């Protein structure tokens, strides 16, 4: 059976180079040209090249959410990025090398799933859709919109379509929407914050609760500070608690968030990242090359655990227990943790099966907000907002 074909169109820009930067990207169905996903985000003060690579990375992440085993053609009007990713031009700038490593890791995940990634340069006039999205990013807009198949005439939404709607991000910052079917009383409000990046994050190394436990690097510290400002703005002076995992990157990010809202953070180890056992600290590209079958098992089989580590099911059990403690406490709690615990919470409250959980994005420094009502109703106000 032939593999699905997907096309990524990506771009990025900077008003000043470096200056106010943003990226834009979209994924099309290779057969009929339909747009399946589109995204954009601001990047602060960065160069054009950083923005272009960021658009590429966002597009490849979306591919993994849509069909990790597809044959993917990446189209960009950046000759530099295309030639560097194709291996024909050297990458001299350290920032570019780190971003290229992240993009190559994502491409390796596609290859490990049975797909392929190729890169094509196109003239700027053929990249207008991605360029328009990158301007949205430079204007401060965040977009993460999974469009899915045409629903005209459909009698009911499929589970995949429902999940796509759940992970859609709003274009402009807006107040949290009213909850769906609220019960009596006040809701418990929970803000989930993912930690900023470390050198392990940049180098695409597995980093669980049993590993080296690196702290934030310079970029991660900036993300933590930004997450603190965003949280303070979201809360608008309302009282809140801050809880973090026990891992250094979460503790440091949590300290920045707690400082921004004027409280002291507490630690709950049940919010730690998954323990990857003998793979903690291992390079993901190396595992893709040498341990592809086992790596896919770690991703796809909730009962699979590495020697000395824990399975996704074991991770989910402790995270859900920690989540329920937060709900029982009432009020507002900001939890600073990791990508997989955030995925576990969203899967738990939305009933998302394990084979779909990787569709849930949680970027470093991002915020996800929920409201839990006394009768058990849950409203996901937004996800993955940076």
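Numbering (UniProt numbering), first residue to last: 1 to 386.
Every residue gets a Cβ at the ideal spot worked out from N, C-alpha and C, and that includes glycine.
All of these numbers come straight from a predicted model, not from anything done at the bench.
Tell me whether the beta-carbon of residue i lies closer than 8 Å to the beta-carbon of residue j.
i, j, result
"residue 260", "residue 305", "no"
"residue 255", "residue 227", "no"
"residue 10", "residue 130", "yes"
"residue 52", "residue 143", "no"
"residue 195", "residue 364", "yes"
"residue 284", "residue 350", "no"
"residue 246", "residue 101", "no"
"residue 64", "residue 110", "yes"
"residue 271", "residue 202", "no"
"residue 250", "residue 338", "yes"
"residue 357", "residue 190", "no"
"residue 360", "residue 386", "no"
"residue 8", "residue 27", "yes"
"residue 48", "residue 12", "yes"
Compare the C-alpha of residue i against each of the options and name the closest.
i, options, result
"residue 381", "188, 229, 275 and 52", "188"
"residue 265", "17, 375, 334 and 129", "334"
"residue 126", "91, 14, 74 and 338", "74"
"residue 315", "331, 280 and 273", "273"
"residue 55", "123, 282 and 103", "103"
"residue 230", "36, 62, 70 and 366", "366"
"residue 371", "320, 344, 81 and 332", "332"
"residue 267", "252, 280 and 283", "252"
"residue 282", "33, 320 and 211", "211"
"residue 258", "132, 279, 235 and 26", "235"
"residue 69", "145, 328, 299 and 3", "3"
"residue 139", "99, 118, 128 and 23", "23"
"residue 145", "25, 353 and 12", "25"
"residue 16", "215, 44 and 376", "44"
"residue 29", "135, 147 and 348", "147"
"residue 377", "114, 32 and 186", "186"
Alpha carbon to alpha carbon, how far is residue j from residue i? Give it in angstroms, no decimals.
i, j, result
"residue 368", "residue 342", "8 Å"
"residue 95", "residue 77", "20 Å"
"residue 217", "residue 197", "7 Å"
"residue 248", "residue 199", "13 Å"
"residue 5", "residue 60", "13 Å"
"residue 286", "residue 297", "16 Å"
"residue 213", "residue 374", "37 Å"
"residue 133", "residue 67", "22 Å"
"residue 71", "residue 294", "22 Å"
"residue 303", "residue 345", "18 Å"
"residue 83", "residue 137", "24 Å"
"residue 238", "residue 244", "19 Å"
"residue 301", "residue 313", "9 Å"
"residue 241", "residue 321", "18 Å"
"residue 164", "residue 34", "Any reading at residue 164 must be qualified, since the residue scores a pLDDT of 36, below 50, and its modelled position is unreliable; the value itself is stated next. Residue 164 and residue 34: Cα-Cα distance of roughly 16 Å."
"residue 57", "residue 329", "38 Å"
"residue 92", "residue 62", "27 Å"
"residue 105", "residue 85", "11 Å"
"residue 107", "residue 89", "18 Å"
"residue 352", "residue 222", "32 Å"
"residue 115", "residue 263", "48 Å"
"residue 311", "residue 362", "20 Å"
"residue 354", "residue 135", "35 Å"
"residue 215", "residue 81", "30 Å"
"residue 99", "residue 299", "23 Å"
Who are the near neighbours of residue i in its chain, counting only those whose CB is closer than 6 Å to its CB and skipping five residues on each side?
i, result
"residue 277", "306, 307, 308 and 309"
"residue 79", "121"
"residue 192", "335, 342 and 368"
"residue 112", "288 and 292"
"residue 208", "273, 274, 275, 276 and 280"
"residue 269", "246"
"residue 323", "345"
"residue 118", "73"
"residue 348", "320"
"residue 317", "none"
If you drop the 5 nearest sequence neighbours on each side, which residues of the same chain put their C-beta closer than 7 Å to that of residue i?
i, result
"residue 46", "14, 18 and 21"
"residue 175", "Low per-residue confidence applies at residue 175: pLDDT is 37, beneath 50, and the placement is therefore not dependable, though the value from the model is reported in the following sentence. Within the same chain, residue 175 has no close Cβ partners at all."
"residue 290", "none"
"residue 97", "91"
"residue 340", "273, 274 and 315"
"residue 31", "5"
With a cut-off of 8 Å, does the C-beta of residue i fall near any C-beta of chain C?
i, result
"residue 133", "Of the chains in the structure shown, none is chain C; there is only one protein chain."
Using a Cβ-Cβ cut-off of 8 Å (strictly less than) and excluding sequence neighbours within five positions of residue i, which residues of its own chain qualify?
i, result
"residue 123", "77"
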